[in-house]
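In what follows, a single structure is set out as structure tokens and then discussed.
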Amino acid sequence: MALSPDDVAALARLARIELTDDELAHLAPQLDVILESVASVSDVATADIPPTSHALPLTNVFREDVVRPSLPVDEVLAGAPAAEQDRFRVPRILGEEA
């Protein structure tokens, strides 16, 4: 199934990316190639292969947690452009309501 520029426009809206009509027409065939490549991976016979998270059997080696005092809040926020109620204040994004 080939992606149309309308399909790409819908994806762009979901990703909050603004694209011109020329960009939509240019990206549609490129995304088709990517989707075909991903689909070809699905065709690989994997019934006898156990699911893994890595190609090699790896074991995580973590250091022990060491509890230490943290920095005082005023020292942490000293370099922040804005702070409010002992927290970093950051600008709202994506028009979210307070």
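When we follow the working numbering, the leftmost residue of the sequence shown carries the number 16, and every step to the right adds one.
Idealized CB from N, CA, C, for every residue including glycine.
Under the three-state DSSP convention, the category residue i falls into
{"i": "residue 102", "result": "strand"}
{"i": "residue 56", "result": "helix"}
{"i": "residue 88", "result": "helix"}
{"i": "residue 108", "result": "coil"}
Separation of residue j from residue i, as counted between CA atoms
{"i": "residue 21", "j": "residue 107", "result": "30 Å"}
{"i": "residue 37", "j": "residue 54", "result": "26 Å"}
{"i": "residue 95", "j": "residue 89", "result": "10 Å"}
{"i": "residue 19", "j": "residue 34", "result": "14 Å"}
Buried versus exposed call for residue i [16 or more other C-beta atoms within 10 Å across all chains shown]
{"i": "residue 105", "result": "exposed"}
{"i": "residue 23", "result": "buried"}
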